[in-house]
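A.B. asks: Using the working numbering, read the sequence shown as starting at 30 and increasing by one per residue.
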Amino acid sequence: SAYLNATGRAVVGAVSGDYKLLLVGHDAWPHGAQHLLVNIARRLQSDWGVQVEFLLLDGGTLEETYRDVAPVTIADGATLAAQVEGFKMRGFAYAIVNTVAAGLILPHLRNHGINSICLVHELPRIIREKKLEAGAKAALELSTHAVFPATVVRDQVADEVGVEVDDRMLLLPQGMYRQLAEPEDGGA
Numbered sequence: 030s031a032y033l034n035a036t037g038r039a040v041v042g043a044v045s046g047d048y049k050l051l052l053v054g055h056d057a058w059p060h061g062a063q064h065l066l067v068n069i070a071r072r073l074q075s076d077w078g079v080q081v082e083f084l085l086l087d088g089g090t091l092e093e094t095y096r097d098v099a100p101v102t103i104a105d106g107a108t109l110a111a112q113v114e115g116f117k118m119r120g121f122a123y124a125i126v127n128t129v130a131a132g133l134i135l136p137h138l139r140n141h142g143i144n145s146i147c148l149v150h151e152l153p154r155i156i157r158e159k160k161l162e163a164g165a166k167a168a169l170e171l172s173t174h175a176v177f178p179a180t181v182v183r184d185q186v187a188d189e190v191g192v193e194v195d196d197r198m199l200l201l202p203q204g205m206y207r208q209l210a211e212p213e214d215g216g217a
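1) Is residue 52 near residue 116, with beta carbons less than 7 Å apart?
2) DSSP three-state call for residue 200: helix, strand or coil?
3) Taking the C-alpha atoms as reference points, what is the distance between residue 97 and residue 72?
4) Decide yes or no for the touch test of the region 155 to 162 against the region 107 to 125: beta carbon pairs closer than 8 Å, at least 3 of them.
5) Could you tell me which uninterrupted alpha helix (DSSP H) segments, each at least 4 residues in length, are contained entirely in the region 123 to 163, listed from first to last along the chain?
6) Using CA coordinates, which residue listed in 107, 148 and 75 is at the minimum distance from residue 201?
7) Judging by CA-CA distance, which residue of 79, 186, 136 and 80 is the nearest neighbour of residue 152?
8) Label residue 140 either buried or exposed according to how many other C-beta atoms from any shown protein chain fall within 10 Å of its C-beta, with 16 as the threshold for buried.
9) Starting from the Cα of residue 197, find the closest Cα among 190, 49, 70 and 145 and give me that residue.
10) Classify residue 56: buried if its beta carbon has 16 or more other beta carbons within 10 angstroms, exposed otherwise.
11) Look up residue 102 in the DSSP assignment and say whether it is helix, strand or coil.
12) Pop quiz: residue 63 and residue 91 are said to be a contact at Cβ under 8 Å. What is the actual Cβ separation, rounded to whole angstroms?
13) What three-state label does DSSP hand residue 81 in the structure shown?
14) Beta-carbon separation of residue 85 and residue 132 under 7 Å?
15) Might you give, ordered along the chain, the residues of its own chain that have their beta carbon closer than 6 Å to the beta carbon of residue 47, omitting 5 neighbours on each side?
16) State the start and end residues of the unbroken beta strand (DSSP E) segment that holds residue 175.
17) Over what stretch of residues does the alpha helix (DSSP H) that includes residue 115 continue unbroken?
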């Protein structure tokens with residue numbers, strides 16, 4: 030909950046119920062980042078009444094799970110700029126880009142005046158192995174804020190893609206989306 034509060038403030042400050050937020054993911058396959066994005070949407074809706082929609086750069090087996098939470102658009106590479114423009118015309122002024130794997134959307138968001146934060150989960154080795162350097166560089170250079178889980182991750186990713194650390198790069202723990210239950214016996 031604290032993570033989502035901080036993320037919401039990083040995007041726009043105080044969040045109101047008539048607020049629209051675009052959530053961008055790289056695909057809908059059942060892995061950690063994808064589950065996190067679905068749960069970010071659930072919490073933004075339930076805690077603040079935020080209107081969310083998903084823009085996924087590719088499909089996957091979790092598409093129905095995403096659709097159960099909010100409308101889903103699967104990106105079409107040939108018309109991606111027009112799709113982003115459509116979101117802007119419908120009142121989406123802010124986006125959360127979940128992982129540098131979706132970072133190549135950032136030039137389109139910026140060109141259409143959509144402020145964004147990019148949640149950076151990947152470490153440099155994964156960025157290299159998955160060939161995500163361009164998305165990581167876009168996250169650090171083009172997003173309104175890039176959010177890192179720790180100083181060491183921020184510093185290593187910035188060094189990996191040749192970008193100077195600046196005040197747009199925020200540090201917030203990431204990835205915890207399940208409520209922790211109090212033990213029944215009240216103990217630790």
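In this text, a Cβ means the ideal position worked out from N, Cα and C, and glycines have one as well.
C.D. replies: From the atom records:
1) No, the pair does not count as a contact, with Cβ atoms beyond the cut-off.
2) Note: residue 200 maps to strand in three-state DSSP.
3) Going from the Cα of residue 97 to the Cα of residue 72 covers about 14 Å.
4) Segments in contact, no.
5) Listed in chain order, the complete alpha helix (DSSP H) runs (minimum 4 residues) inside the region 123 to 163 are 135 to 140 and 153 to 158.
6) When 107, 148 and 75 are compared, the shortest CA-CA separation from residue 201 is found for 148.
7) Comparing Cα positions, the closest option is 186.
8) So residue 140 counts as exposed.
9) Comparing Cα-Cα distances from residue 197 to each of 190, 49, 70 and 145, the minimum goes to 145.
10) So residue 56 ends up on the buried side.
11) The answer is strand: DSSP assigns residue 102 an E or B state.
12) With 8 Å as the limit, residue 63 and residue 91 qualify as a contact, their Cβ atoms being about 6 Å apart.
13) Taken through DSSP and simplified to helix, strand or coil, residue 81 comes out as strand.
14) Contact flag unset, no.
15) Excluding positions up to five away in sequence, the list is empty.
16) Counting along the chain, the beta strand (DSSP E) containing residue 175 begins and ends at 174 to 177.
17) Per DSSP, the unbroken alpha helix (DSSP H) holding residue 115 starts and ends at 109 to 118.
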